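10 is the number that our numbering gives to position 4 of the sequence shown; each next residue is one higher, with no gaps.
All C-beta atoms, glycine included, are put in the ideal place defined by N, C-alpha and C.
In this text, all values refer to a predicted model and were calculated from it rather than measured experimentally.
To start, the structure under review is shown below, and the notes come after it.
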Amino acid sequence: MSEAEVTLDPLLSTAPPHDAAVVAGPIRLSTAELDARIDAMAAAFNASGVGHGDRVAFQLPTGI
Numbered sequence: 007m008s009e010a011e012v013t014l015d016p017l018l019s020t021a022p023p024h025d026a027a028v029v030a031g032p033i034r035l036s037t038a039e040l041d042a043r044i045d046a047m048a049a050a051f052n053a054s055g056v057g058h059g060d061r062v063a064f065q066l067p068t069g070i
């Protein structure tokens, strides 16, 4: 089985900015809000020395 690169960027760049991207109970994020949060996280990773090609893992609770 080959490994494919999958990112949210192509999906977010083609979706209308005010469309709902995440809905979790009362919390709703538009595609623009989700994109801004992703950009902020990427900037924090870059500031910490994480670069293109580095692998990062997350263990998060269910929900937002």
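query, result
"State the beta-bridge partners of VAL29 as determined by DSSP.", "ARG34"
"Is the CB-CB distance between ALA27 and SER36 below 8 Å?", "yes"
"Got a sec? Which residues, its chain only, sit under 7 Å from PRO23 by beta carbon, not counting five neighbours each side?", "SER36, THR37, ALA38"
"Using the three-state DSSP reduction, which class does THR68 fall into: helix, strand or coil?", "coil"
"How close, in whole Å, do the beta carbons of LEU18 and LEU40 come, if the pair is a contact with beta carbons under 8 Å?", "7 Å"
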